[in-house]
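As structure tokens, the structure follows; a few thoughts come after it.
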Amino acid sequence: MAQGSVVAGAIAARTGAAPARPPGGTSTGKKWLMGIALAVALSVGAAATIAFIPVATVMAIWCEITDRAPGAECVMEPGGDVCTGSATMVNVPEPWAEVFTAAGEEFQIDPAYLAAVYLTENGNQWKPLDTDWPSSACCHGPMQFNLGAGTWDAYKYSADGGPPDYMDPWDAIYTAGNLFTHADALYGSVTAQTPLGDVDRWEPGTFVYSAASYNAGPAGNWNNNETLRYVENVHALISSNFTQGGVGDYGGLATYPAPYGMDIGDGEDGGDGGWTGCGGGGTGGGLDGVVQIAEQEYAKGIEEQPMGSNCGPRISDTYIASGCEQWCADFVSWVFLEAGIPFQAVSGTSQYFWRHDWQIPAVIGMEAWFRSGGRGQEFIPVTGSGPAKPPRPGDVMIYSGHVSIVVEVDEASRTLVTVGGNESNRIQRSSGTFTMGPSGPVVGYGRMNP
Numbered sequence: 002m003a004q005g006s007v008v009a010g011a012i013a014a015r016t017g018a019a020p021a022r023p024p025g026g027t028s029t030g031k032k033w034l035m036g037i038a039l040a041v042a043l044s045v046g047a048a049a050t051i052a053f054i055p056v057a058t059v060m061a062i063w064c065e066i067t068d069r070a071p072g073a074e075c076v077m078e079p080g081g082d083v084c085t086g087s088a089t090m091v092n093v094p095e096p097w098a099e100v101f102t103a104a105g106e107e108f109q110i111d112p113a114y115l116a117a118v119y120l121t122e123n124g125n126q127w128k129p130l131d132t133d134w135p136s137s138a139c140c141h142g143p144m145q146f147n148l149g150a151g152t153w154d155a156y157k158y159s160a161d162g163g164p165p166d167y168m169d170p171w172d173a174i175y176t177a178g179n180l181f182t183h184a185d186a187l188y189g190s191v192t193a194q195t196p197l198g199d200v201d202r203w204e205p206g207t208f209v210y211s212a213a214s215y216n217a218g219p220a221g222n223w224n225n226n227e228t229l230r231y232v233e234n235v236h237a238l239i240s241s242n243f244t245q246g247g248v249g250d251y252g253g254l255a256t257y258p259a260p261y262g263m264d265i266g267d268g269e270d271g272g273d274g275g276w277t278g279c280g281g282g283g284t285g286g287g288l289d290g291v292v293q294i295a296e297q298e299y300a301k302g303i304e305e306q307p308m309g310s311n312c313g314p315r316i317s318d319t320y321i322a323s324g325c326e327q328w329c330a331d332f333v334s335w336v337f338l339e340a341g342i343p344f345q346a347v348s349g350t351s352q353y354f355w356r357h358d359w360q361i362p363a364v365i366g367m368e369a370w371f372r373s374g375g376r377g378q379e380f381i382p383v384t385g386s387g388p389a390k391p392p393r394p395g396d397v398m399i400y401s402g403h404v405s406i407v408v409e410v411d412e413a414s415r416t417l418v419t420v421g422g423n424e425s426n427r428i429q430r431s432s433g434t435f436t437m438g439p440s441g442p443v444v445g446y447g448r449m450n451p
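Counted the way our numbering counts, the sequence shown spans residues 2 to 451.
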């Protein structure tokens, strides 16, 4: 769920190019020296009936030789078959260990970080490389890249020099390595020295901070159940060296339900954990994704062609998805679709979805749908004293004849910022108050409750 916030002009495409940082990994010379050290250790051990050679020392050298972990961090418990410590790949099966190790060397990032993100995106399952990887309205492939938000195009990287393919595990994992190490302002610029961090404190400069950004989007609202479980699982996998996930024993339970947990692709609703939208360069899923996608569409400078026609590239073929019409509600519908939480008809509302099953083209229909509450959505009315509940980012601001998306809220000053389509014949970003929006008096707010 790569949820990138791609700003025009700030994309550093690196497709097929060498990374800016030098390739990493254990050097051949160092491996030879470590091999000699292991041989000496074993020969000395034989002379001393091996009684005084710590098992941890032997396994640490072996881990270093095989590129599975730094020697000082890989510790094998006597009599055990699991290598414990921090940042080891010993417990990652082949061929996955080869993929992650190669990507780690290419981009100078701990391969365990990439492995943990892969597992969390795939319900803690090591799937075959040739899996028919799941896709949703926003996110695709083994690393769940968001194509509509531009994250894939910004950081796509080919592992073999051919055209990058988000459904190919090698390309997807190399692209994730490229994203984590080169999206400096967005994902914290992960390096080989970046610590895992505290699962309860997502501090900049730690990988848990970057993992939260990957799931919910950079600078997104991370205080949601999906992202909390996502980061918990990533942290648990790495700190246990891939022997335990964030919920129950490793592999026994997913960190969040279908369609992005165990039983991938079997559902649309996130069950007791809430609606599972698309996370990491998906722009974030859920309401974070709504905000980020709306902002990204605004940044593209989309406007009608010709002005005043209710037509134009992307307006007609994407938001309206056929023809020309007043398109503010079409734009809102499309943004929610891309964020993985599309509007869907409930009893008594099918008449509002006359063109597509995700689209409510009329403002009056959108208000009525939010009022119906059939899928957990709600309508928050606005009176002279203000809204019954404070608006929040991701809400739909509803006027008597217009709708837009709330992207920023300042409760102290009771002001907000919206992004709306068909405002002065384009997508606009505007400021207003809780009761008086950029387009006039506010009737109410439509709220999804993921």
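Positions of the beta carbon are idealized from the N, C-alpha and C atoms, including for glycine.
Owing to the predicted nature of the structure, the values given are computational and were not obtained by experimental measurement.
* Drop a sphere of 10 angstroms on the beta-carbon of Asp396, count the other beta-carbons inside from all chains shown, and report buried for 16 or more, exposed for fewer. => Translated into the one-based positions of the sequence shown, residue 396 becomes position 395. Residue environment analysis places Asp396 among the buried positions, since at least 16 neighbouring C-beta atoms fall within 10 angstroms of its C-beta.
* **Residue burial classification, Met367 (beta-carbon count within 10 angstroms, cutoff 16)** => Locating residue 367 in the sequence shown gives position 366, where the first residue counts as 1. Counting the other Cβ atoms within 10 Å of the Cβ of Met367 gives 16 or more, which makes it buried.
* Compute the distance between the beta-carbons of Pro170 and Leu130, then report whether it is under 7 Å. => Locating residue 170 in the sequence shown gives position 169, where the first residue counts as 1. Locating residue 130 in the sequence shown gives position 129, where the first residue counts as 1. The answer is yes: Cβ separation under 7 Å.
* Alpha carbon to alpha carbon, what distance is there between Thr319 and Tyr167? -> Within the sequence shown, numbered from 1, the residue matching residue 167 stands at position 166. Within the sequence shown, numbered from 1, the residue matching residue 319 stands at position 318. Going from the Cα of Tyr167 to the Cα of Thr319 covers about 22 Å.
* Asked: What three-state label does DSSP hand Asn147 in the structure shown?
  -> Translated into the one-based positions of the sequence shown, residue 147 becomes position 146. Three-state result, Asn147: strand.
* Asked: Given that a residue counts as buried once 16 or more other Cβ atoms are within 10 Å of its Cβ, and exposed if not, what is Asp199?
  -> On the sequence shown, residue 199 is found 198 positions in, with the first residue counted as 1. By the Cβ-count criterion, Asp199 is exposed, with fewer than 16 other Cβ atoms from all chains shown falling within 10 Å of its own Cβ.
* Measure the C-alpha to C-alpha separation of Val292 and Val408 and round it to an integer number of angstroms. => Working through the sequence shown from its first residue, we reach residue 292 at position 291. Working through the sequence shown from its first residue, we reach residue 408 at position 407. Answer to the nearest angstrom: the Cα atoms are 5 Å apart.
* To do: Please report how far the alpha carbon of Gly81 lies from the alpha carbon of Ala98, in whole angstroms.
  => Counted from its first residue, the sequence shown places residue 81 at position 80. Counted from its first residue, the sequence shown places residue 98 at position 97. Any reading at Gly81 is ruled out, since the residue's pLDDT is 41, under 50, leaving its predicted position unreliable.
* Asked: Residue ranges of each beta strand (DSSP E) run of no fewer than 3 residues wholly in the segment 86-144, ordered along the chain?
  -> Runs of the beta strand (DSSP E) inside the segment 86-144: none found.
* **Three-state secondary structure assigned by DSSP to Phe380** => Counted from its first residue, the sequence shown places residue 380 at position 379. Under the three-state reduction of DSSP, Phe380 is assigned to strand.
* alpha helix (DSSP H) segment containing Arg372, residue limits -> Taking the first residue of the sequence shown as position 1, residue 372 is located at position 371. Run containing Arg372: Val364 to Ser373, per the alpha helix (DSSP H) assignment.
* Asked: Who are the Cβ neighbours of Ser471 in its own chain at under 6 Å, not counting the five residues just before and after it?
  -> Given that the chain is displayed from residue 2 to residue 451, the structure contains no residue 471 and the question cannot be resolved.
* How would you call Pro112, buried or exposed, if buried means at least 16 neighbouring beta carbons within 10 angstroms? -> By 1-based counting over the sequence shown, the position of residue 112 is 111. Of the residues assessed, Pro112 falls on the buried side of the cut-off, its CB having 16 or more other CB atoms within 10 angstroms.
* Asp358 burial status per 10 Å Cβ neighbour count (16 or more: buried) -> Against the sequence shown, residue 358 aligns to sequence position 357. Using a 10 angstroms sphere on the CB of Asp358, the tally of other CB atoms stays under 16, which defines it as exposed.
* Asked: Can the beta-carbon of Ile361 be found less than 7 Å from the beta-carbon of Ala330?
  -> Within the sequence shown, the letter at position 360 stands for residue 361. Within the sequence shown, the letter at position 329 stands for residue 330. Yes, the pair counts as a contact, with Cβ atoms nearer than the cut-off.
* To do: Following the continuous beta strand (DSSP E) through Ser405, name the residue where it begins and the one where it ends.
  => Position 404 of the sequence shown holds residue 405. Val404 to Asp411 is the span of the beta strand (DSSP E), which, as asked, contains Ser405.
* Asked: Closest Cβ-Cβ distance between Thr419 and chain B: below 7 Å?
  -> Within the model displayed, chain B is absent; a lone protein chain is all it includes.
* To do: Could you name the residues that DSSP lists as bridge partners for Pro442?
  => Within the sequence shown, the letter at position 441 stands for residue 442. DSSP output for Pro442 lists Met437 as bridge partner(s).
* Best match in Ala389, Asn179, Pro314 and Leu288 for proximity to Phe344 [C-alpha to C-alpha] -> Translated into positions along the sequence shown, residue 344 becomes position 343. Ranked by Cα distance from Phe344, the options Ala389, Asn179, Pro314 and Leu288 are led by Leu288.
* Name the DSSP bridge partner or partners of Gln429? -> For the purposes of this step, residue 429 is taken as residue 428 along the sequence shown, with counting starting at 1. In the DSSP output, where bridge partners are listed per residue, Gln429 has Gly421.
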